[in-house]
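Residue numbers (our numbering), protein chains in the order written: chain A, 375 to 692; chain B, 119 to 624. Each residue gets a CB set at the ideal place from its N, CA and C atoms; glycine is no exception.
Here's what the structure looks like:
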């Protein structure tokens, strides 16, 4: 597989995952807001912090009003992580490797883009938002399902699997970290249960949590579920396993070595202690390790795609 | 919290251009404004040709709102599939949806068999000519082909002299443009031997028709076209220098902003080949070509290149090219990689050389040309030149080495100023110009702004040659969508139609 194509596949999967996760997060937040007491401090500013875009936002906007934040997260092309920018970049990437994917996948990604480019304006309006974002999620899931049902588990598939799960693990730690911190002021109040439940909601994890863990949202149980559950597809542990499977199908040893450290970390963590203290540092550590893994993946597989003087020896694997 | 990774954007992004279907009315053979020329579907007003009867009946029975709905569905399918081509303009490059007309063009198999034989004969002779030109040049020594035409050829490559590509074949993929004149004769207009495009649209057009007019296919035995990609694969595989292994084959594209990028990626996809750009490849000291893959370097056996000669190897041709691969010519000459079309093939893709193809067929094959050339006046010959200069208002004047319909003078539609400009150009560089009478290209019924009207068409079949020789069934019918226009190039407002070679109507 060409290094350039592998890199584009990896990023295409990251972009699509990011678009969907952002859509889910916005939908969950919009719903949650309606449950909060009027005058509660959850603001749109906080949502920007969840996705790590508060600084970028204030380069372009003054006040974090609902409209401005929604516009920035959903359709603003100046934000490279906005839903529209992600879908557009995913489509542009797909255009460069149509030959490695089943034919319909380009069409579906293209249709997702066409839908997104014509409907996102409506998502600014609370009434239409849920519908439009849900449709984007649905169409993105259709692409995932199509690939899963029609594409050989070849190297191209593994690079998409890598990108998708790395992005998802990153998103899970971010949402967990920040939505917990934002909700912290309500600890020990009547909303205590609601805090952890809202964290689950933001990650579309509430139903599976209730079914498999507990009907009540207890801190350590929620953390264990989101960080270390083997079976829930958005848990960090599950994502790391997916990455492990994908790496197992690819050449190179260094990415696998880095991954092991992360698996040990989530495996050995004391979630009861974390629920009381140190969650932010823990999430930060995982994010740093994921960024490191991203860099090692680039170094191992995509290096050849970047112009430099070529000799055979340069191509021996990291 | 750590900053999130985001990949650097390495190119700007274009917006797609959405085309909306027009209002439609149903086809009514009786009121169809047949022109004086040859119409491919109708013999006379209200009278379809034999093979077209079923088709005309079908369209006549189809309610107009239904036809309109199908046409909309065609446009939607084209947009969704992203079947586009790029138009270069001052306002920037625009991605256009591929304009497709729903009325197919029909050719009877008996007629097609003759055309197919003529196309094979022609490409065989052209390949013998190219091989001769880069070796002994017997055809010049024997006085059949003038040395001065070669001396002034822009596409003759010194670097190819003495090279021995497999089977002695240089032009592996040829797109030959055919036109039908008023009396029904099919002429060869030109042979495109450099990087002919359009075959993916031929394949896509058939897919669209099958999806949108399935019941029409029940009325005809339409010969399928989709064996093309398998034949292309086999043709390329036969060029591999490593005979015992499954060859690694790649389509070399100039990149995503080339007007034919859709086709490059389409063909790679259909063949299961790699789609590579110049920087994805490297030639090492062993003269082999390698792809830069995730595992390091992998040897590449055959390149279907869609990059012009000028750009394929900066060591030999244009040094400023970033689209090619340094050392590619070295590798090809050493027989370490197959390249289709071989570098230098363009020497026979020249509108002056074209005029000599009938003589080549006689010279190399000892046969009469099955398909006639359009009568041509070569401005390098004094008597021809005088005739051309005196009749600029009647002739089509073409530069020898342009493609895509650029730099032409269409006499009957030109102004005296344009004619004067061409007179100067011809006098300054007579070898670079040739002229042909204006043919009254045949027409096919076409949906235009809600009415069915005749529009002029040509036909581009594709011929493949390496170990074997094969011709597409039919080809790409290009249609000039503007009334009266003879220019069918997609870059200049042309569209296309599905082309049916039919065994006979049911």
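* To do: Would you tell me roughly how many angstroms separate the C-alpha atoms of residue 139(B) and residue 395(B), rounded to the nearest one?
  => Locating residue 139(B) in the second chain gives position 21, counting from the first residue. Locating residue 395(B) in the second chain gives position 277, counting from the first residue. Caution is warranted here: a pLDDT of 34 is assigned to residue 139(B), below 50, making its placement in the model unreliable, and the coordinate value is therefore given only provisionally. Approximately 36 Å between the Cα atoms of the pair.
* Shorter than 7 Å from the beta carbon of residue 473(A) to some beta carbon of chain B? -> Locating residue 473(A) in the first chain gives position 99, where the first residue counts as 1. Judged by the 7 Å Cβ criterion, residue 473(A) is in contact with chain B.
* To do: Report buried or exposed for residue 539(A), applying the criterion of at least 16 other Cβ atoms within 10 angstroms of its Cβ.
  => If you number the first chain from 1, residue 539(A) lands on position 165. Buried, because 16 or more other Cβ atoms sit within 10 Å of the Cβ of residue 539(A).
* Please list the residues of the region 410–425 of chain B that have a C-beta atom closer than 7 Å to any C-beta atom in chain A, keeping them in chain order. => Of all residues in the region 410–425 of chain B, 410, 411, 412, 413, 414, 415 have a Cβ within less than 7 Å of some Cβ in chain A.
* Asked: Whose CA, out of 670(A), 676(A), 668(A), lies closest to the CA of residue 415(B)?
  -> Position 297 of the second chain, counted from the start, is the residue given in the question as residue 415(B). Out of 670(A), 676(A), 668(A), 676(A) has the C-alpha closest to the C-alpha of residue 415(B).
* DSSP state of residue 143(B) mapped onto helix, strand, coil -> Reading the second chain from its first residue, position 25 is the one you call residue 143(B). For residue 143(B), the predicted model reports a pLDDT of 41, less than 50, meaning its position is unreliable and no value from the coordinates is stated.
* Which chain B residues are close to residue 524(A), counting only those with a beta carbon under 7 Å from its beta carbon? -> Position 150 of the first chain, counted from the first residue, corresponds to residue 524(A). Within 7 Å Cβ-Cβ: nothing; residue 524(A) doesn't reach chain B, min ~13 Å.
* To do: Taking residue 599(B) as the reference, give the member of 553(B), 534(B), 615(B) with the closest Cα.
  => For the purposes of this step, residue 599(B) is identified with residue 481 of the second chain, where counting begins at 1. If you compare the alpha carbons of 553(B), 534(B), 615(B) with that of residue 599(B), the shortest gap goes to 615(B).
* Going by Cα to Cα distance, which pick from 664(A), 394(A), 393(A) is closest to residue 536(A)? -> For the purposes of this step, residue 536(A) is taken as the residue at position 162 of the first chain. For residue 536(A), the closest of 664(A), 394(A), 393(A) by C-alpha to C-alpha distance is 664(A).
* When the distance is taken between beta carbons, is residue 198(B) closer than 7 Å to residue 481(A)? -> The residue you call residue 481(A) lines up with position 107 of the first chain. The residue you call residue 198(B) lines up with position 80 of the second chain. Contact flag set, yes.
* Please name the residue, chosen from 239(B), 612(B), 578(B), 537(B), that lies closest to residue 317(B) on a Cα-to-Cα basis. => Counted from its first residue, the second chain places residue 317(B) at position 199. Nearest C-alpha to residue 317(B): 578(B).
* Note down, in chain order, each residue of its chain lying with its Cβ closer than 8 Å to the Cβ of residue 379(A), except the 5 sequence neighbours on either side. => In the first chain, counting from the first residue as 1, residue 379(A) sits at position 5. So the list reads 470, 471, 474, 530, once near-sequence residues are dropped.
* Asked: So which of 192(B), 228(B), 235(B), 230(B) has the shortest CA-CA distance to residue 215(B)?
  -> Taking the first residue of the second chain as position 1, residue 215(B) is located at position 97. For the residues 192(B), 228(B), 235(B), 230(B), the minimum Cα distance to residue 215(B) belongs to 192(B).
* Is any heavy atom in the ligand GTP found nearer than 6 Å to the beta carbon of residue 250(B)? -> Looking at this structure, you won't find the ligand GTP or any other ligand, since it has none at all.
* Cut-off 7 Å between Cβ atoms - residues of its own chain near residue 153(B), not counting five sequence neighbours on either side -> By 1-based counting over the second chain, the position of residue 153(B) is 35. Within the same chain, residue 153(B) has close Cβ partners 561, 572.
* Alpha-carbon to alpha-carbon, residue 473(B) and residue 240(B) -> Sequence index remark: in the second chain, residue 240(B) carries index 122 (1-based). Sequence index remark: in the second chain, residue 473(B) carries index 355 (1-based). If you take the alpha carbons of residue 240(B) and residue 473(B), they lie about 12 Å apart.
* Return the chain-ordered ranges of every alpha helix (DSSP H) run that is complete within the region 365–412 of chain B and spans a minimum of 4 residues. => 379–389
* Which runs of the alpha helix (DSSP H) spanning at least 4 residues fall entirely within the region 517–561 of chain A, listed in chain order? -> 529–557
* To do: Could you check the C-alpha separation between residue 141(B) and residue 186(B) for me, to the nearest Å?
  => Position 23 of the second chain, counted from the start, is the residue given in the question as residue 141(B). Position 68 of the second chain, counted from the start, is the residue given in the question as residue 186(B). Unreliable placement is indicated for residue 141(B), whose pLDDT of 33 sits below 50; the coordinate value is still reported in the next sentence. Cα to Cα, residue 141(B) sits roughly 6 Å from residue 186(B).
* Can you name the residues that DSSP bridges to residue 614(B)? -> Here residue 614(B) refers to the residue found at position 496 of the second chain. Beta-bridge pairing links residue 614(B) to 218(B), 596(B).
* Quick one: residues in its chain with C-beta nearer than 6 Å to the C-beta of residue 403(B), no 5 flanking neighbours on either side, listed in chain order? => Here residue 403(B) refers to the residue found at position 285 of the second chain. Around residue 403(B): no qualifying Cβ.
* Cβ of residue 593(B) within 7 Å of Cβ of residue 617(B)? -> Here residue 593(B) is taken as the residue at index 475 of the second chain, counted from 1. Here residue 617(B) is taken as the residue at index 499 of the second chain, counted from 1. Against a cut-off of 7 Å, the Cβ pair of residue 617(B) and residue 593(B) comes out as a contact.
* To do: Any chance you could list the alpha helix (DSSP H) runs of at least 4 consecutive residues sitting entirely within the region 620–660 of chain A, in chain order?
  => 628–642, 645–650
* Under the three-state reduction of DSSP, which class applies to residue 474(B): helix, strand or coil? -> Within the second chain, residue 474(B) is the residue found at index 356, counting from 1. Residue 474(B): coil per DSSP, three-state reduction.
* Quick one: grab the DSSP three-state call for residue 127(B). => Residue numbering aside, residue 127(B) sits at position 9 when the second chain is read from its first letter. Low confidence applies to residue 127(B): its pLDDT is 42, below 50, so where it sits in the model is not reliable, and the reading given next is rough at best. Three-state result, residue 127(B): coil.
* State buried or exposed for residue 524(B), treating a residue as buried only when at least 16 other CB atoms are found within 10 Å of its CB. => Counted from its first residue, the second chain places residue 524(B) at position 406. Burial call: exposed.
* Asked: In chain order, what residues of the same chain lie with their CB nearer than 6 Å to the CB of residue 102(B), ignoring the 5 residues before and after it?
  -> Past the edges of chain B, shown from 119 to 624, lies residue 102(B), and the structure says nothing about it.
* Asked: Can the beta-carbon of residue 445(B) be found closer than 7 Å to that of residue 275(B)?
  -> By 1-based counting over the second chain, the position of residue 445(B) is 327. By 1-based counting over the second chain, the position of residue 275(B) is 157. Not in contact: residue 445(B) and residue 275(B) (Cβ atoms no closer than 7 Å).
* If you measure beta-carbon to beta-carbon, which residues of the region 365–379 of chain B are closer than 7 Å to chain A? -> 374
* Output the distance between the C-alpha atoms of residue 307(B) and residue 294(B), rounded to the nearest integer angstrom. => The residue given as residue 307(B) occupies position 189 in the second chain. The residue given as residue 294(B) occupies position 176 in the second chain. In a straight line, the C-alpha of residue 307(B) is about 8 Å away from that of residue 294(B).
* In terms of residue numbering, what span does the alpha helix (DSSP H) encompassing residue 375(A) cover? -> Counting from one through the first chain, the residue named residue 375(A) turns up at place 1. Careful: residue 375(A) lies outside any alpha helix (DSSP H) and carries neither H nor E.
* Are the beta-carbon atoms belonging to residue 586(A) and residue 402(A) less than 7 Å from one another? -> Stepping through the first chain from its first residue, residue 586(A) is reached at position 212. Stepping through the first chain from its first residue, residue 402(A) is reached at position 28. Going by C-beta atoms, residue 586(A) is not nearer than 7 Å to residue 402(A).
* To do: Could you give the DSSP three-state label for residue 403(A): helix, strand or coil?
  => Position 29 of the first chain, counted from the first residue, corresponds to residue 403(A). In the structure shown, residue 403(A) sits in a helix (DSSP, three-state: H, G or I).
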